[in-house]
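Set out below in structure tokens:
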């Protein structure tokens, strides 16, 4: 996530237009799609610990190459590798987390989503501070070496919690062609796609939106993503409280109306007044991204919980299937949005993402109507 606030630097390194840049970014999904199909078997064969070690090593190596290269071909190759590595790490860590959740008898997965948001916001905040002072090559290279070292240490400390393979582990395989065949819940998958499109679109375009559309400095434009992540963190750490005061269905619909609708309205206002009232435009823009983050925050944990329930307790398989379908849909949408940006503006792509979240007012009926 450290790359998201520095997309202007990546684009400048490659020397390409917005459409080509968005297309290059979307290629990471190709690696994710392949790994979501075969990664479960790999993790099942080599174990979660080894898979996490390998995945984190490829992630760090790939990102270092991405920030040093000016070749589009090299960028595509290592972006695909990074996408595959992130997915195998996701598969291994999610499978391990589900095992631990069963063992401790407490719901911990939503808190892991919150912890991810905290890490993403920290690295975005660091990018905000370093953008005008340190080159992207030095920033990301040093960061990746530090994160890789910390990851290896943490995995080592977790060694006692990694169990030897047993026959019962089969249900924790996240992916296989057989599991995906004829078992796609399209209503759930499309609903989850509508819920997550904003998160992926903002990661790609929020910083460039601030810089190219609103005329912010590069460091200030990085705040768009930082503020969005702040909304994610607040929401994800509040999910337990929220579900005691409203049902899954209520919060999905509320997220669509408040998050998607509020984001659209505030972005339209900020872009319409930025020439005459730039300060107010910036503030409304930041508020829009904060509301978008709050709206997005509950959705991934809730949809994964629904998927697990509908799969009759086969949580890991459900996570893999839903992640695969979402990655496939996101890959196509990112490619399309990249060329929408090229033909129109970044604003249009962000508004489309907000409109997709609005559709959750309809898809919310898939959630439970009971409070936790």
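In our numbering, the protein residues as written are 42 to 413.
Glycine included, every Cβ here is placed at the ideal spot set by N, Cα and C.
If you look at residue 271, you'll find it in the alpha helix (DSSP H) that goes 264–277. Taking C-beta atoms as the reference points, residue 168 and residue 43 count as a pair closer than 8 Å. The region 100–158 is shown to contain whole alpha helix (DSSP H) runs of 4 or more residues at 113–145, in chain order. Bounds of the alpha helix (DSSP H) holding residue 285 are 280–286.
For residue 204, there is no enclosing alpha helix (DSSP H), as DSSP marks it with neither H nor E. Apart from the 5 residues on each side of it in sequence, residue 411 sits with its Cβ closer than 7 Å to the Cβ of 288 in its chain, given in chain order. The region 181–188 makes no contact with the region 286–303; the number of CB pairs closer than 8 Å stays below 3.
Per the coordinates, the alpha-carbon of residue 240 lies some 35 Å from the alpha-carbon of residue 201. In the structure shown, residue 42 adopts coil according to DSSP, grouped into three states. Scanning 270, 282, 163 for the CA closest to the CA of residue 328 turns up 270. The three-state reading of DSSP puts residue 316 in coil, since its state is none of H, G, I, E or B. Non-local C-beta neighbours of residue 125 in its own chain, meaning closer than 7 Å and more than five positions away in sequence, comprise 72, 73, 75, 76, ordered along the chain. In the three-state DSSP reduction, residue 349 falls in the helix class (H, G or I). With contacts defined as CB atoms closer than 8 Å, residue 238 and residue 407 fail to qualify as a contacting pair. Minimum Cα-Cα distance from residue 84 among the listed residues 55, 130, 57 corresponds to 130. If you draw a straight line from the Cα of residue 49 to the Cα of residue 350, it comes to about 41 Å. With contacts defined by Cβ atoms closer than 8 Å, residue 311 and residue 255 form a contacting pair. Below 8 Å, enough C-beta pairs join the region 149–158 and the region 262–282 to call them touching: three or more. Across the structure, residue 283 and residue 118 are spaced so that their CA atoms are roughly 42 Å apart. Between the C-alpha atoms of residue 388 and residue 307 there is a straight-line separation of about 12 Å.
Rounded to whole angstroms, the gap between the alpha carbons of residue 264 and residue 361 is 32 Å.
Cβ neighbours of residue 102 within its own chain (closer than 6 Å, five residues either side excluded): none. Less than 8 Å divides the Cβ of residue 405 from the Cβ of residue 294. Excluding residues up to 5 positions away in sequence, 120, 121, 123, 124 lie with their Cβ nearer than 7 Å to the Cβ of residue 69 in the same chain. Rounded to whole angstroms, residue 319 and residue 399 show a C-alpha spacing of 28 Å.
Per DSSP, residue 61 is one residue of the alpha helix (DSSP H) stretching across 59–67. Per DSSP, residue 52 is one residue of the alpha helix (DSSP H) stretching across 48–55. Judged by beta-carbon spacing, residue 181 lies beyond the 8 Å limit of residue 116, meaning their Cβ atoms are not closer than that value. If you ignore the 5 residues before and after residue 62, its C-beta comes within less than 6 Å of the C-beta of 52, all in its own chain and listed in chain order.
In the three-state scheme derived from DSSP, where H, G and I count as helix and E and B as strand, residue 362 is classed as helix. In this chain, the alpha helix (DSSP H) harbouring residue 240 covers 227–249. DSSP places residue 303 in the helix class (H, G or I) of the three-state scheme.
Contact between residue 60 and residue 380 holds: their C-beta atoms lie close to 5 Å from each other, under 8 Å. Apart from the 5 residues on each side of it in sequence, residue 226 sits with its Cβ closer than 7 Å to the Cβ of 351 in its chain, given in chain order.
Shortest Cα-Cα distance from residue 333 to any of 142, 161, 348, 394 involves 394.
Using a Cβ distance threshold of 8 Å, residue 292 and residue 347 do not count as a contacting pair.
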